[in-house]
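Student:
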Amino acid sequence: MTETASEIILRPYQIAFPDFPVEDCPDIPEGWIDVSDDSWMCPSWRVGRMTICVDFADPERREIPEGARFFVIEEGPNEVVELFASDNWREVRSFVACRL
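Heads up, the final residue of the sequence shown is numbered 351 in the numbering used here, and it's a clean run with no missing numbers.
1. Under the rule that 16 or more other beta-carbon atoms within 10 Å means buried, what is alanine 348, buried or exposed?
2. Look up serine 345 in the DSSP assignment and say whether it is helix, strand or coil.
3. Between Trp340, Phe335 and Phe307, which has its C-alpha nearest arginine 350's C-alpha?
4. Alpha carbon to alpha carbon, how far is alanine 267 from glutamate 332? Give it in angstroms, no decimals.
5. Which residue wins for smallest C-alpha separation from methionine 292, given the options Pro280, Arg300 and Tyr264?
Right under this line is the structure:
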């Protein structure tokens with residue numbers, strides 16, 4: 252049986268960022284909520300008070316090519332604070348797990 256277009260369910264990040272390759276999206280842990288919308292520069296997920304942003308694997312396609320691929324931010328009342336940034340997904344997951 253083949254899938255039809257009406258049977259394909261797109262995730263929020265795929266709607267907000269249709270050019271973001273599915274293969275660039277790492278394995279997202281259960282419980283992380285996809286909060287991606289096109290007001291952000293890349294797909295993002297929320298867990299606790301943190302937002303985890305996932306940029307393109309190819310640095311040339313990133314908003315900031317020299318920046319890290321993954322970064323964790325926390326939004327305060329008047330500012331956004333970057334808590335952690337890395338090109339290593341395992342490090343990001345460990346950082347988030349330690350802060351929960």
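Even glycine gets a Cβ: it sits at the ideal position worked out from N, Cα and C. Just so you know, these numbers come straight off a predicted model, no measurement behind them.
Tutor: In short:
1. Translated into positions along the sequence shown, residue 348 becomes position 97. Flag for alanine 348 reads exposed.
2. Reading the sequence shown from its first residue, position 94 is the one you call residue 345. Here serine 345 sits in helix by DSSP.
3. As a working note, residue 350 is residue 99 in the sequence shown. The shortest Cα separation from arginine 350 among Trp340, Phe335 and Phe307 belongs to Phe335.
4. On the sequence shown, position 81 is the one that residue 332 refers to. On the sequence shown, position 16 is the one that residue 267 refers to. Residue identity differs from the one stated: residue 332 is valine in this sequence, not glutamate. Distance between the alpha carbons of valine 332 and alanine 267 is about 23 Å.
5. Working through the sequence shown from its first residue, we reach residue 292 at position 41. Proximity to methionine 292 across Pro280, Arg300 and Tyr264 peaks at Tyr264, based on C-alpha coordinates.
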